[in-house]
Structures are given as C-alpha cells and as structure tokens.
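Right, one structure below, let's go through it.
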Amino acid sequence: MDTKLRVTPLQYIVQKGEQKGALTDEQLRAGDGFKVMETATEQGDSVHSRASYALLGKLAEHTQLVRQTVASILGGLQPTVFQQFRQNPEQFIAETLRLIAEQKAAMVIERLAYDAVGERYDVDIFTANQTGHDFSRATAKLKHHVYDYAIVDSEVERRFVSELDTSAEVVVYAKLPRGFLIPTPVGDYNPDWAIAFAAGSVRHLYFVAETKGSLSSMKLRAIEQTKIACARKFFDEIGQRINEDKVKYDVVTDYAKLMDVVGRASR
Numbered sequence: 001m002d003t004k005l006r007v008t009p010l011q012y013i014v015q016k017g018e019q020k021g022a023l024t025d026e027q028l029r030a031g032d033g034f035k036v037m038e039t040a041t042e043q044g045d046s047v048h049s050r051a052s053y054a055l056l057g058k059l060a061e062h063t064q065l066v067r068q069t070v071a072s073i074l075g076g077l078q079p080t081v082f083q084q085f086r087q088n089p090e091q092f093i094a095e096t097l098r099l100i101a102e103q104k105a106a107m108v109i110e111r112l113a114y115d116a117v118g119e120r121y122d123v124d125i126f127t128a129n130q131t132g133h134d135f136s137r138a139t140a141k142l143k144h145h146v147y148d149y150a151i152v153d154s155e156v157e158r159r160f161v162s163e164l165d166t167s168a169e170v171v172v173y174a175k176l177p178r179g180f181l182i183p184t185p186v187g188d189y190n191p192d193w194a195i196a197f198a199a200g201s202v203r204h205l206y207f208v209a210e211t212k213g214s215l216s217s218m219k220l221r222a223i224e225q226t227k228i229a230c231a232r233k234f235f236d237e238i239g240q241r242i243n244e245d246k247v248k249y250d251v252v253t254d255y256a257k258l259m260d261v262v263g264r265a266s267r
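Heads up: the sequence shown begins at 1 in the numbering used here, then just goes up one per residue.
Right, dumping it as structure tokens:
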C-alpha cells in the first residue's frame, strides 16, 4: 500500500458571475442567464466539504476484517501515505479497499481448490435471463455461432468472432451467457467463449477462451488476473476428472493466438 496507494487531492472550482438583465425562459433553460466573471480552483481541504468518514468501520465492513486488523494495516502505513486520507477521503477508502481485496485474493488463491458437485447447467442457460442486451453491439449474421448473431463487448471480440466464423477448424462456438459463472474469491467470473473444433484438426477439441486486447500483466487489473488464475484451476480440476475430450482454457488476443495454443499442444 505504501507503493501503490495514491489519491488525487480534491479540487473545487468556484465561479463568480452576475445575472444578465431581462432574462427569458429560454435563456434560463439553456443556462445562459449568468455571465461568469471569475473562476478559481481550490485544492485540498475546503470549507465546502465537512463530511466525516468512519474510516475503521468502513474498511472493516467491506473487507470483512476485524477493526484491530484494519487498524494494524493503517498503522503500518508511512505517514505521508496515510495523510492522503485528508486530501480525498472517499478515494482513499476506495483505493484501500481495492488493494486489501487484491492481497486477500492473492493469499487465498494459493490454497484454492475446486470440488465437483452434482449440479449441472441446462441448455436453457442460453435463453434464460438474456433480456436487456444492447443490440447495437450485435455482429452481422453468423454461420457457426449457436445464435444467428452475437453481442460483443469490444472491437477485439468483434474481430475474434469474424475469425471464428470463417475458420475451417471451428465447428460451433458460443459467446458464453452471463449466467455461466465460476465462483472466485474476488467475485464470480464469466468467461467469454466456448469453442468446439473439428475432430482431428487440433489436440483440444473443446476450448474455453477469454479474449483480451493485451496479454501484458501490467495492463490487466489485479482482480482480472486473480479471476483468470482461478479459472485455470477450475478447468484443471475438470480436466483431471475427464480422460478424453478435455476442456482447455486460456487467455488469447485473437484467433492466431488461439490456434497457437491448441496447435502447440498437438505437436
């Protein structure tokens, strides 16, 4: 936290002006009723902010740590780092919560294990609770997707769909529904894609992919890295229970990286 906890001091923009004469209703609605004469920016503690924050209680509540532990963490901070609380209490609390959650997850994941249960997803997971989609993000009509269209979240996914749909090796693929979730210590994780390849074309016929614009760990948030690490353990556990047609999971940037992963395994 001493190296990563940084907050931006609060800023207040104070404008002074005068009201124009003979105001019309249209001017008032358009915000043109006043002329700004002077603008000043104030930083740090200000008379405009007198909110109080129960720091220990807030952190203990959201981290699920006892107050003594939270006090020990805060007491170990360098004074200059802790003084940032006065500069921007809300951001200080938010950043502290994030950093503590990341470290808790990193400790938990070392001992994390997944056990099989009797529950199964039914095929209706692809149709249940699928309302509220933004169809402005839909692709063109597809040939090998489980639906005629896919709702993508980025240009990276849009390009990936185009490559999957024209691939001779892919039999069928699906944008995994929001209801398909893997539990992790930092929240449920929803992988992006399930892909089935033609028999004999690659080693891993069944593949679950997470698409990212960059594989650099520096560009992935710690929470994302933790969820991906948990997903690897999840699918490793499934793989240990299946002798044939195991499911392979990995993070890829595009179709070329995907084929590199499944092709490398077959050599």
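Backbone N, C-alpha and C fix where the C-beta goes; we use that ideal spot for every residue, glycine too.
Item	Value
Could you name the residues of the same chain whose beta carbon sits closer than 6 Å to that of Arg267, not counting the 5 residues immediately before and after it, in chain order?	Confidence in Arg267 is poor, its pLDDT being 42 and thus under 50, which makes the residue's placement unreliable; the coordinate value appears in the next sentence. Correct list: empty, nothing qualifies.
Rank Asp32, Leu97, Tyr147 and Tyr121 by C-alpha distance to the C-alpha of Leu56 and give the top, closest one.	Leu97
Distance, Cα to Cα, Ile242 vs Lys248?	12 Å
Taking the beta strand (DSSP E) that Gln43 belongs to, which residues open and close that run?	Phe34 to Gln43
Compute the Euclidean distance between the alpha carbons of Thr8 and Phe82, then round it to the nearest angstrom.	13 Å
Might you give, ordered along the chain, the residues of its own chain that have their beta carbon closer than 7 Å to the beta carbon of Asp148, omitting 5 neighbours on each side?	Lys141 and Leu142
Please list, in chain order, all residues of the same chain as Pro89 whose beta carbon is under 6 Å from its beta carbon, the five residues on each side excluded.	Tyr53
Given 8 Å as the limit, is there contact between the region 160 to 179 and the region 229 to 245, that is, 3 or more CB pairs closer than that?	no
Using a threshold of 7 Å, state whether the C-beta atoms of Gly271 and Lys4 are closer than that.	Any property of residue 271 remains undetermined from this structure, which presents the chain solely from 1 to 267.
Cα separation between Val171 and Gln91?	48 Å
For Val202, which residues in the same chain have their Cβ closer than 7 Å to its Cβ, ignoring the five residues on either side in sequence?	Glu169, Val262, Gly263 and Ser266
To the nearest angstrom, how far is the alpha carbon of Ala163 from that of Tyr255?	Strictly speaking, residue 163 in this sequence is Glu, with Ala absent from that position. Roughly 6 Å separates the two Cα atoms.
Thinking C-alpha only, which one of Ala198, Leu59 and Gln84 is nearest Ser72?	Leu59
For the alpha helix (DSSP H) that contains Ile269, what are its first and last residues?	Within the shown structure, residues of the chain are numbered from 1 to 267, placing residue 269 beyond reach of any answer.
Would you list the residues sitting across from Lys175 in a DSSP beta bridge?	Trp193
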